[in-house]
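Counted from 1, the sequence shown has number 690 at position 310 by my numbering; the numbering is strictly sequential.
Where is the CB? At the ideal position from N, CA and C, for every residue including glycine.
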Amino acid sequence: GTLICCESCPCAVHLECYGLQTPPEGHFICLGCENGRKPMYGDIVWAKYGSHRWWPAEIIHPLRIPVNLDKFLGEPGVFIVRFYGSLDYAPVSRRCVYPFQSEDDDEDNGGKSKKSEKDKKYMSAVLEARRALLDQQLVQLRDLPSYIPIESNRYASNVSKAMCRKDTEQSVCSCSKKSKNPCGDEECDNRQMFIECHPKRCLAEHLCRNQRFLKKQYAPAVKFMTIDRGFGLRALASIRKGDFVIEYVGEIINKEECKKRLDTIDAEPDRAFYYLELAPDKIIDAGPMGNNSRFMNHSCDANCRTERWLVNNEYRIGLFACREILAGEELTFHYNLVPVNGDSVTPCKCGSDNCTGVIGRIVPKNGRNTAGNANKKQKVVSEKENVRH
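What follows is the structure in structure tokens.
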């Protein structure tokens with residue numbers, strides 16, 4: 381059949397398999413790229429390096445790569461992979477990788493009765509990749525809630541964007557390219573007002589360090605299974621006080637829709653709320669869709685806080701470190717859960733010395749809370765109570 385190739389990745393599909401009769405006009409973008417799926421650290425992929433054949437590999441986090449490969453980390457779009465069946469690493473780009481699947485390469489080497497040493501090494505690498513992929517899938521399937529991974533907020537059809545007033549112009553800070561730390565400290569006017577610099581207006585140009593939402597400069601973190609609070613998020617590297625950790629993203633709905641969803645959730649045995657107020661009548665619901673921020677648990681002694689920032693005239697919520705955070709430490713923030721359907725409260729299991737016993741409401745008792753099943757997140761966060769701006 382006729383093959384069509386994606387313009388963004390190495391994916392090639394048959395027209396018939398894609399449900400098309402004729403090739404699409406213009407550039408073809410595969411479904412994965414269209415949905416915003418990009419290579420991520422820990423992904424098992426097919427990788428192509430130089431003139432070598434496609435080979436199964438894992439995308440390696442910068443903290444785990446050999447020191448001699450650090451020089452490649454500054455190149456845009458370049459990341460490091462480790463090839464299965466060997467100890468070899470190599471820098472590659474997005475166009476040189478595509479997802480590995482367990483059924484890939486089941487053929488018997490073209491029917492050859494004898495395999496070369498290279499072929500044997502190749503098949504050994506494929507088997508190793510299959511085992512690694514199976515291990516990943518088992519971990520992901522174990523109690524992992526179903527959701528759609530997204531990189532930025534998705535607005536419901538009946539909700540307008542959370543923009544600032546049209547008569548309010550985006551401010552331009554006084555930083556410049558000659559500044560010692562352009563837009564990177566409290567001397568930046570925009571930073572003090574929780575405004576990100578516009579990439580086309582900032583005088584510091586490409587040196588500007590106040591475009592963290594736009595560039596998604598998140599702290600390296602990984603989700604993990606806690607003992608008694610469901611999934612959580614753990615820092616992979618030390619994070620300084622005040623550093624940007626991650627943006628809180630999800631589906632933006634209005635209060636009426638939020639109440640409908642809460643009524644539905646109240647009837648479920650394992651309630652899980654992921655709501656955070658972005659602006660009047662605009663609620664972020666990270667339940668059906670979101671990023672790793674949805675896995676952050678509540679703590680009465682949280683190491684992160686929420687802040688509302690203006691990014692290209694649009695309001696967005698970010699999580700920032702409110703103290704020094706060590707590598708391996710769980711990332712948490714205070715939910716300030718507001719009971720909206722009745723007087724029910726949610727028991728807290730954060731285990732901190734100053735635990736109040738419940739999430740969002742102080743109860744008249746001392747010591748740590750030991751009651752109830754609280755292994756699921758429940759957040760209905762008020763902007764006024766929790767979002768710094």
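Between which two residues does the beta strand (DSSP E) containing residue i stretch?
{"i": "Asp450", "result": "That residue, Asp450, is in no beta strand (DSSP E); it is neither H nor E in DSSP."}
{"i": "Ala382", "result": "The sequence as given places Thr at residue 382; Ala does not occur at that position. Unbroken run through Thr382: none, as it is neither H nor E."}
{"i": "Met543", "result": "Per DSSP, Met543 belongs to no beta strand (DSSP E) and is neither H nor E."}
{"i": "Ile460", "result": "Val458 to Phe463"}
{"i": "Lys662", "result": "Lys662 to Asp665"}
{"i": "Leu583", "result": "From DSSP, Leu583 is part of no beta strand (DSSP E); its letter is neither H nor E."}
{"i": "Trp426", "result": "Ile424 to Ala427"}
{"i": "Tyr478", "result": "Val477 to Pro479"}
{"i": "Val472", "result": "Tyr469 to Ser473"}
{"i": "Ile632", "result": "Glu631 to Ile633"}
{"i": "Tyr655", "result": "Tyr655 to Ala659"}
Count the other C-beta atoms from every protein chain shown that fall within 10 angstroms of the C-beta of residue i, then say buried if there are 16 or more, exposed otherwise.
{"i": "Gly612", "result": "buried"}
{"i": "Ala392", "result": "exposed"}
{"i": "Ala682", "result": "buried"}
{"i": "Ser540", "result": "exposed"}
{"i": "Met573", "result": "exposed"}
{"i": "Gly722", "result": "Because the pLDDT at Gly722 is just 49, under 50, the model does not fix this residue reliably, and the value given afterwards should be weighed accordingly. Per the 10 Å Cβ criterion, exposed."}
{"i": "Cys397", "result": "exposed"}
{"i": "Asn716", "result": "buried"}
{"i": "His394", "result": "exposed"}
{"i": "Val743", "result": "The predicted position of Val743 is uncertain, since its pLDDT is 42 and thus under 50; no value can be drawn from it."}
{"i": "Pro649", "result": "Here the model assigns Pro649 a pLDDT of 49, short of 50, so the residue's position is not dependable, and the following value carries that caveat. So Pro649 ends up on the exposed side."}
{"i": "Ile528", "result": "exposed"}
{"i": "Leu690", "result": "buried"}
{"i": "Leu383", "result": "exposed"}
{"i": "Gly670", "result": "buried"}
{"i": "Lys745", "result": "Because the pLDDT of Lys745 is 40, which lies under 50, any placement of that residue in the model is unreliable, and the number read from its coordinates should be weighed accordingly. Lys745 is exposed by the Cβ-count criterion."}
{"i": "Phe604", "result": "exposed"}
According to DSSP, residue i sits in a beta bridge with which residue or residues?
{"i": "Phe700", "result": "Phe624 and Arg685"}
{"i": "Arg445", "result": "Reading off the sequence, residue 445 comes out as Ile, not Arg. DSSP lists no partner for Ile445."}
{"i": "Gly612", "result": "Phe604"}
{"i": "Asn677", "result": "Thr712"}
{"i": "Gly670", "result": "Pro529"}
{"i": "Arg534", "result": "Glu631"}
{"i": "His394", "result": "Leu383"}
Quick one: measure Cβ to Cβ for residue i and residue j, integer angstroms, because I've assumed they're closer than 8 Å.
{"i": "Trp426", "j": "Tyr502", "result": "Not confirmed; about 12 Å, so no contact."}
{"i": "Cys385", "j": "Cys413", "result": "In fact, because the Cβ distance is near 12 Å, the residues do not count as touching under 8 Å."}
{"i": "Ala707", "j": "Ala617", "result": "5 Å"}
{"i": "Cys389", "j": "Arg510", "result": "Actually they do not touch by this definition, with Cβ atoms about 21 Å apart."}
Hey, could you find the ends of the alpha helix (DSSP H) residue i is sitting in?
{"i": "Asp569", "result": "Asp569 to Gln572"}
Nearest chain D C-beta to residue i closer than 8 Å, yes or no?
{"i": "Pro456", "result": "As a matter of chain content, chain D is missing from the structure shown, which is built from one protein chain."}
Original post:
Taking three-plus beta-carbon pairs below 8 Å as touching, is the region 428-437 in contact with the region 455-465?
Top reply: yes
Original post:
Touch check for the region 724-733 and the region 654-662: three-plus C-beta pairs under 8 Å?
Top reply: no
Original post:
Do the region 634-646 and the region 670-679 make contact, defined as three or more Cβ pairs closer than 8 Å?
Top reply: no
Subject >> Stretch pair the region 600-619 + the region 564-580: three plus CB contacts closer than 8 Å >> reply: no
Original post:
So does the region 616-632 actually touch the region 683-702, counting three or more Cβ pairs closer than 8 Å?
Top reply: yes
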